[in-house]
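Undergrad: Quick note: the sequence shown, position 414, residue 1815 per our numbering, numbers continuous. Even for Gly, the Cβ is constructed at its ideal location relative to N, Cα and C.
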Amino acid sequence: MLLFTQLTAYLNLAELGIGVAAASLLYKPLSEGDYAKIKYLTLLLSTIYRYISFLVLLIGIVIGFGIYFFIDSVNAVSHVFIYWAFFVINTSLTYSYAKHSTLLTANQQYSVVRKIQGGGKILIIALQILLLVTTHNFLLYLLVETIGVIVQYFIFKNIINNDIHFKVVPQSISDDEKTTLKNELKIKIKNMFFHKIGGVLVLNTDYLLVSKFLNLSYVTIYGSYMMVFQVVTVLMSSFVNAITASVGNFLINQNDDEVTSIAKQFNTVFIALATFISLNMYFLVNDFITSWIGEKFILGNGIVILMLVNVFISVIRIPCDIFKNATGFFGDVYYPLLEGVVNLFFSALLAFYIGLPGIIIGTIISNVLITLIAKPLYLYGKMFGRFNALKKYLSFVLKPLIFSFVIFAVFYFTREQIIFFKVSNWFDFISKLTIVSLVSMIIVFAVFYADANFRSFVKRILRVVF
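1) From L1459, V1489, L1610, N1491, pick the residue whose C-alpha is nearest to that of F1747; which is it?
2) S1493 to N1768, Cα distance in whole Å?
3) Within its chain, find whatever has a CB closer than 7 Å to the CB of L1780; leave out the 5 residues flanking it on each side and keep chain order.
4) So, are the CB atoms of F1677 and S1841 less than 8 Å apart?
5) DSSP three-state label for S1512, please.
6) Report yes if the C-beta distance between S1625 and I1714 is below 8 Å; otherwise report no.
7) Using the Cα positions of N1826 and A1810, report the straight-line distance between them to the nearest angstrom.
8) May I have a chain-ordered list of the alpha helix (DSSP H) segments no shorter than 4 residues that lie completely inside the region 1796–1824?
9) Alpha carbon to alpha carbon, what distance is there between V1686 and V1629?
10) With DSSP as the reference, label S1573 as helix, strand or coil.
11) Would you please verify whether the beta carbon of I1530 is less than 8 Å from any beta carbon of chain B?
12) Rounded to a whole number of angstroms, what is the C-alpha to C-alpha distance between N1538 and L1532?
13) Are the Cβ atoms of I1766 and V1742 separated by less than 8 Å?
14) So, K1438 versus I1574, is the Cβ gap smaller than 8 Å?
15) Could you check the C-alpha separation between Q1510 and D1733 for me, to the nearest Å?
16) Our contact map puts T1506 next to A1424 with C-beta atoms below 8 Å; I'd like the distance itself, whole angstroms only.
17) Flag this pair as yes or no: are the beta carbons of V1514 and F1684 separated by less than 8 Å?
18) What is the residue span of the alpha helix (DSSP H) that D1657 lies within?
19) Do the region 1841–1852 and the region 1695–1714 meet, that is, are 3 or more Cβ pairs less than 8 Å apart?
20) Do the region 1519–1529 and the region 1537–1551 touch if we need at least three Cβ pairs shorter than 8 Å?
21) Check the C-beta distance from N1854 over to T1669 and give it rounded, since I have them as a contact under 8 Å.
22) From the DSSP output, in three-state form, read off L1586 for me.
23) On the three-state DSSP scale, how would you describe H1878?
24) With C-beta atoms as the reference, is I1706 less than 8 Å away from L1757?
25) Candidates Y1813, K1516, L1543, I1449: which alpha carbon is nearest L1586's?
26) Using the Cβ count rule (16 or more neighbours within 10 Å means buried), how would you classify T1503?
27) Where does V1629 fall in DSSP's three states?
28) In this structure, how does DSSP classify N1384 when only helix, strand and coil are distinguished?
29) Could you give the distance in angstroms between the alpha-carbon of F1788 and the alpha-carbon of I1460?
30) Nearest-angstrom Cα distance between I1644 and I1590?
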């Protein structure tokens, strides 16, 4: 069923990035209490998501025929097309509440969205496991997810109907305003779609190249590491979604100095976070893989370091993603596609000569050129002016990156003392995890606390908490 899961991920491309695009237009009317504009954007979202739901069903049917004619191994599975129909229907049904989750996220209520979706997912998985163990019936397994999606729809609908921000109002906006909003949304959706395509290209290219140039055992090993690293991506994505609306509202009435200050704080904190995560992954990931699936599935130290470079980049890019989603500056539509092309070219070329390290280095090259250079310069050029972009960007990242590299150097030259901790079982792993996490947290915090931007962010968090 892994194939079906991957195919439904492609079906979700039909969403086109509408949620992020619409949220960027909702920040201001939600902040100002412009209920007429909120009402119109909500109606637009309802119409768009209705079409997407139908489109997913249609494309799902076409893919079903493709599976039948081109993938012989799938046909050997009993009831395979009923299973596929459930996958497609469940994907289509998620768009029934997509409008509601977008509205709540834009209104800085992402915690509500996470509670419903996260709590629902935990309950669904628990019931699915119980049914598989007791009945061995995969149809019931899929039916539980269908029921779960429907229940989530009614919960979201009830919350929206009782929220004053989304109340139905008699007044409406002018035709000119409707046209302007519709055109703005159309442009943002088009731009976000290119970003989503680029993301899929980059994410899936490496898997395809590993399958092409290396044997199947490498696919399993590489996939195991990527599963661990993608936990970071999932956690970071949740944080981005939670904080973007707050940043969007903050930016509405702020001047350049205040925006610069918050951008410096975000970049500094996320570079510190990336340093902490990368250090822990370096010292723990091989022990985790060994404890999980066995020592024969671990990769060499050099390859792990290369993979962690991409993990590091995936975290330090987050401030740029937050500000892009908050401001709605999605005009760099060709960069994601260029990133995919650069990744494919260098990864394929280097894979031919040096195998798996070449594939990872190709991804690093595309990440550095596009993710760390081109995209931030475009965004900060829009925010602060084209001629100020480079200066602003360097002021955001240069000092914290120096701190980060100093910490990496210290840990690298003392690594033998840390790696000496031999892990033989899960208790050993948890003990090592605790020690490494505490030591790295103390050192990262101590070094970065010398930066005024880091201190300002910590004080801001403490004020919110206490």
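TA: Quick look at the numbers:
1) L1610
2) 33 Å
3) C1721, F1724, K1725, F1730
4) In contact: F1677 and S1841 (Cβ atoms closer than 8 Å).
5) Helix at S1512.
6) no
7) 29 Å
8) 1816–1820
9) 8 Å
10) coil
11) The structure shown contains no chain B, having only a single protein chain.
12) 7 Å
13) no
14) With contacts defined by Cβ atoms closer than 8 Å, K1438 and I1574 form a contacting pair.
15) For Q1510 and D1733, the distance between alpha carbons rounds to 28 Å.
16) 6 Å
17) no
18) 1657–1694
19) The region 1841–1852 vs the region 1695–1714: no contact.
20) yes
21) 4 Å
22) helix
23) Residue numbering for the chain in the displayed model covers 1402 to 1867; residue 1878 lies beyond these limits and cannot be assessed.
24) no
25) I1449
26) Counting Cβ neighbours within 10 Å, T1503 comes out buried, since at least 16 surround it.
27) helix
28) A query on residue 1384 cannot be resolved here, the shown segment of the chain reaching from 1402 to 1867 and no further.
29) 45 Å
30) Whole-angstrom Cα-Cα distance: 21 Å.
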